[in-house]
Amino acid sequence: MIRIVTDTTSGLPPDLARRYGIPVTPQVIIFGEEEYLELEELSVSEFMRKLTSADELPKTAAPAPAALEEAYRPFVAAGDTILSIHPSAELSGTVRSAVVAAQSFPDADIRILDTRTIGAPLGRMVMLAAHWVEEGQSAEEIMARLQALIPRQR
């Protein structure tokens with residue numbers, strides 16, 4: 002079976018993530034000395050409240066490799082192929098975290114895609130991949146189609 006993993010920079014709505022069984026690893030949002038897991042420990046409304054009262058803009062950090070390992074673990078145990086689809090390595094350290102996490106499972110088939118984008122275009126690529134999985138396309142076909150989309154993303 003082919004499984005997809007992404008992160009919160011994809012903007013993938015929770016209902017679609019549940020429908021397709023896609024784990025969405027949270028980015029870390031940092032307000033001063035306080036760190037929050039995006040959408041798990043800090044809702045959008047709480048984020049906006051903090052943003053309006055903050056002295057400086059928040060920072061973000063990629064998910065730790067351990068968070069991605071946790072997302073991969075049940076799929077690896079089931080012998081699934083994992084397509085780990087993430088934002089541009091130029092904008093986030095998520096791809097680097099995914100590579101480190103995948104090294105914990107040397108015998109697993111984990112394919113990491115640097116989409117070279119973020120936000121809605123990334124979310125669209127995740128949804129297309131989910132659709133292609135449902136159609137029964139192979140991991141090779143899906144990765145090739147996603148790679149072909151990269152130059153056309155904005």
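Residue numbers for the sequence shown, in this note's numbering: 2 to 155.
Cβ atoms here follow ideal geometry from the backbone N, Cα and C, with glycine treated the same way.
None of the values given here were measured: they were computed from a predicted structure.
(message) Looking at the secondary structure, which residues open and close the alpha helix (DSSP H) in which residue 4 lies?
(response) Secondary structure note for residue 4: it is in no alpha helix (DSSP H), and the uninterrupted beta strand (DSSP E) holding it is 3 to 8.
(request) Hey, could you find the ends of the beta strand (DSSP E) residue 85 is sitting in? (result) 82 to 87
(request) Tell me the start and end of each unbroken alpha helix (DSSP H) in the stretch 22 to 97 that is at least 4 residues and wholly inside, in chain order. (result) 45 to 54 and 66 to 78
(request) Out of 5, 116, 83 and 140, state which residue places its alpha-carbon closest to the alpha-carbon of residue 19. (result) 5
(message) Can you check which of these residues, 130, 31 and 151, is closest to residue 82 by C-alpha distance?
(response) 130
(message) Let me make sure I understand the geometry here. Which of 2, 3, 7 and 78 has the alpha-carbon closest to that of residue 107?
(response) 78
(message) According to DSSP, residue 115 sits in a beta bridge with which residue or residues?
(response) Per DSSP, 87.
(request) Give me the Cβ distance between residue 8 and residue 95, rounded to the nearest whole Å; I'm assuming they're in contact under 8 Å. (result) 5 Å
(request) Could you check the C-alpha separation between residue 143 and residue 150 for me, to the nearest Å? (result) 11 Å
(request) Taking residue 149 as part of the alpha helix (DSSP H), name the residues at either end of that continuous run. (result) Here the alpha helix (DSSP H) through residue 149 covers 140 to 150.
(request) Would you kindly report the start and end of the unbroken alpha helix (DSSP H) that includes residue 107? (result) Element bounds for residue 107: n/a, residue is neither H nor E.
(message) Assuming residue 27 and residue 35 are in contact, meaning their beta carbons sit under 8 Å apart, how far apart are those beta carbons, in whole angstroms?
(response) The pair is not a contact, with the Cβ atoms about 15 Å apart (cut-off 8 Å).
(message) In whole angstroms, give me the CA-to-CA distance for residue 133 and residue 113.
(response) 17 Å
(request) Would you mind giving the Cβ-Cβ distance between residue 102 and residue 58, rounded to the nearest angstrom? I have them listed as a contact below 8 Å. (result) At roughly 28 Å, the Cβ-Cβ gap does not stay under 8 Å, so residue 102 and residue 58 are not in contact.
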